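In full-length UniProt numbering, the protein residues as written are 1 to 120.
Structure representation (structure tokens):
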């Protein structure tokens, strides 16, 4: 029986850890968490906020996720979008999901991310 989602993993090219730390840690405000030593030798980086974990793993044949994406729930979505814009990230609003405000953005290596907030 499934009980919860443990983490989402996205791919990254080798050597892009610092740009991804600036984005996920700086722009998104997530906290980097240590990878187990047996996995740290592979490169990449892991992040957490609350119960949400996002792992970035090195893929030698990296291609950014352009359609597949994690959906990350936020509060104060307008302020969050402004924060991303201030960090140089694109924000593309989409009104197609009933009951939600949402936008899409990309991390520094081109992975697609969805940010959404339910509308009351």
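Just so it is clear, CB atoms sit at the ideal spot from N, CA and C, and this is done for glycine as well. The model shown is predicted, which means the values in this text are computed figures rather than measured ones.
{"query": "Based on Cα-Cα distance, which residue from 120, 79, 66, 52 lies nearest to residue 6?", "result": "52"}
{"query": "Would you call the CB atoms of residue 182 and residue 23 closer than 7 Å?", "result": "Residue 182 falls outside the range modelled here, since the chain spans only 1 to 120, and no answer is possible."}
{"query": "Buried or exposed: residue 77, going by 16 or more other Cβ atoms within 10 Å of its Cβ?", "result": "buried"}
{"query": "Only counting the same chain, and skipping five residues up and downstream in sequence, which positions put a Cβ closer than 6 Å to that of residue 25?", "result": "32"}
{"query": "Excluding five sequence neighbours on each side, which residues of the same chain lie with their C-beta closer than 6 Å to the C-beta of residue 16?", "result": "109"}
{"query": "Can you tell me where the alpha helix (DSSP H) with residue 83 in it begins and where it stops?", "result": "77–86"}
{"query": "Rounded to whole angstroms, what's the CA-CA distance from residue 54 to residue 97? Just pull it up for me.", "result": "23 Å"}
{"query": "Suppose the cutoff is 7 Å on Cβ atoms and the five residues either side in sequence are ignored; what does the same chain contact list for residue 99 look like?", "result": "118, 119"}
{"query": "Which of the three DSSP states is assigned to residue 19 in this structure?", "result": "helix"}
{"query": "Please work out which residues of its chain come closer than 6 Å, Cβ to Cβ, to residue 46, disregarding the five sequence neighbours upstream and downstream, and give them in chain order.", "result": "33, 35, 55"}
{"query": "Considering only the alpha carbon of each residue, which of 1, 115, 2, 111 lies closest to residue 59?", "result": "111"}
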